[in-house]
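Each position in the first sequence, counted from 1, maps to that position plus 62 in our numbering. Cβ atoms here follow ideal geometry from the backbone N, Cα and C, with glycine treated the same way.
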Amino acid sequence: MLVIVGSTATGKSALAVFLAESLGGEVVNFDSMQLYRGFNIGTGKLSPGERRGIPHHLLDIVDPGQVFTAGDYAREAERMLVFLREKGSLPILVGGTGLYLRTLLLGLFEGPGRSEELRARLKRVAHRRSREFLHRMLRRMDPQSAARIHPRDTQKTIRALEVCVLTRRPFSSMLAQGRAGLQGFRAIKIGLNPDREELNRRIEARVEAMFNAGLMDEARALFESRALSSHSESPREGPFTSLGYPQALAAARGELSREDAIRETQAATRRYAKRQRTWFRRELDVNWFAGFGDDPAIQREVIDWLAGASLNSRSTAAEVGRTMAGSMISET
RNA sequence: GGACAGGUGGCUGAGCGGUCAAAAGCAGCAGACUGUAAAUCUGCCGGCCCUUGCGGUCUACGGAGGUUCGAAUCCUCCCCUGUCCA
């Protein structure tokens, strides 16, 4: 399978369609937000026309209010990969959520998923006492994890505590058991890394285009449909937190000027692109291309490289996973 | 023309005689990441230097002077901006 990584607005989707057309493949998404139905404009989903008849999978498979985790994603994606292999079609994975890709390729530790009740309780503790208090709880149950997780990082502290409580074992010891990665697939990774300045310009133009395409209306409609079944003033979870939506909603309600909403979304997107770069840089065995995925010159470079790579590369995803896990241990 | 208010680091904005290279926020830069990850969190953030330290040094709070041992902070003049009155 092919994997295309890179930050937002680098032209991953366009490259995926191009490669699917050239090599006879189908696109599989690994973007955590494009998974959600109704979140179209702000997540940069390709329109049916732009997909040019290429099947796109794992898009629009979750309802906005539904909880969907990295583990859920990995299961769905693996099923899809097996399906495509049986069909004899080349899977082309594209997306921006590094955690989801890594979860698919390397797996998660064997352990419990999330428990809403427990999380609610822990959150209440953090609220009533303090987040540092919560972290001190973790330090008692699992000093190793506590040392790794910053006291103010409540989200990660809660997950660690959740695992400790549910398994009655330290989270760190659960992680030490290792993980079971994807078997039977060879991942060829392509990374897009265009010039920073040019990327920023693209991000700015793209955000503006999203607002012009009706992002404010989309955000309002999504929120209102959600509001019917929820009491929260503005949902702060799931896809509602995704870039542009809180800003577009605020603008739609007149709490923020349209110009400010655009500016804030642009800045947030730039920061997001930075986090993606930081994450993907550590992804192993990525062949990086210095340009945009919709650039014909880059597309040709990728095709040429693939012609050589498919002959030489013999490593499977599992092997890549092992070396990656090894390198992560040696780095710490 | 007159009366107020104000001019502070890329931006917003606090400071109103020493502990100020100047709070805070934003933006920017760097990083972490094993179950909502477009999330969550961390570090740096005037220049130069070094023994990287509540270290040294230079340049900085509109401009020019002045008062003072010492000024972003007080005084004088000038320039600019906003609001109001003519």
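Starting from Lys251, trace the beta strand (DSSP E) both ways and give me its first and last residue.
Ile250 to Leu254
Report yes if the C-beta distance between Leu184 and Gly68 is below 9 angstroms; otherwise report no.
no
Restricting to Cα atoms, I'd like to know which of Glu270, Ala310 and Ala275 is closest to Phe285.
Ala310
Okay, do the segment 249-265 and the segment 174-190 touch, 3+ Cβ pairs below 8 angstroms being the bar?
no
Just mark Glu112 as buried or exposed, buried being the case when its beta carbon has 16 or more other beta carbons within 10 Å.
exposed
Which class does Glu88 belong to by DSSP, given the choice of helix, strand or coil?
strand
Would you mind sorting Val89 into buried or exposed? The rule is 16 or more other CB atoms within 10 Å of its CB.
buried
Can you check whether the CB of Phe130 is closer than 9 angstroms to the CB of Leu97?
yes
What is the residue span of the beta strand (DSSP E) that Asn274 lies within?
Element bounds for Asn274: not the beta strand (DSSP E) but the alpha helix (DSSP H), Arg258 to Asn274.
Going by DSSP, which residues form a beta bridge with Phe351?
Leu254
Determine whether the beta carbon atoms of Phe342 and Gly240 lie at a separation below 9 angstroms.
no
At which residue ranges does the segment 85-166 contain complete alpha helix (DSSP H) runs of 4 or more residues, listed in the order of the chain?
110-113 and 132-149
Using a 10 Å radius around the Cβ and a threshold of 16 neighbouring Cβ atoms, would you call Arg288 buried or exposed?
Looking at its Cβ environment, which holds 16 or more other Cβ atoms inside 10 Å, Arg288 is buried.
Determine the contact status of Ile66 and Lys251, defining contact as a CB-CB distance below 9 angstroms.
yes
Which value, in whole angstroms, describes the spacing of the CA atoms of Glu270 and Ala330?
13 angstroms
Does the beta-carbon of Phe302 have 16 or more other beta-carbons within 10 angstroms, so that it is buried, or is it exposed?
With 16 or more other Cβ atoms inside 10 Å of its own Cβ, Phe302 counts as buried.
Quick one: is Met390 buried, meaning 16 or more other Cβ sit within 10 Å of its Cβ, or exposed?
In this prediction, Met390 scores a pLDDT of 35, lower than 50, which makes its location untrustworthy; no coordinate-derived value is stated.
Ile66 lies in the alpha helix (DSSP H); which residues open and close that run?
Counting along the chain, Ile66 falls outside any alpha helix (DSSP H), though it belongs to the beta strand (DSSP E) covering Leu64 to Gly68.
Give me the Cα-Cα distance between Thr72 and Glu345, rounded to the nearest whole angstrom.
17 angstroms
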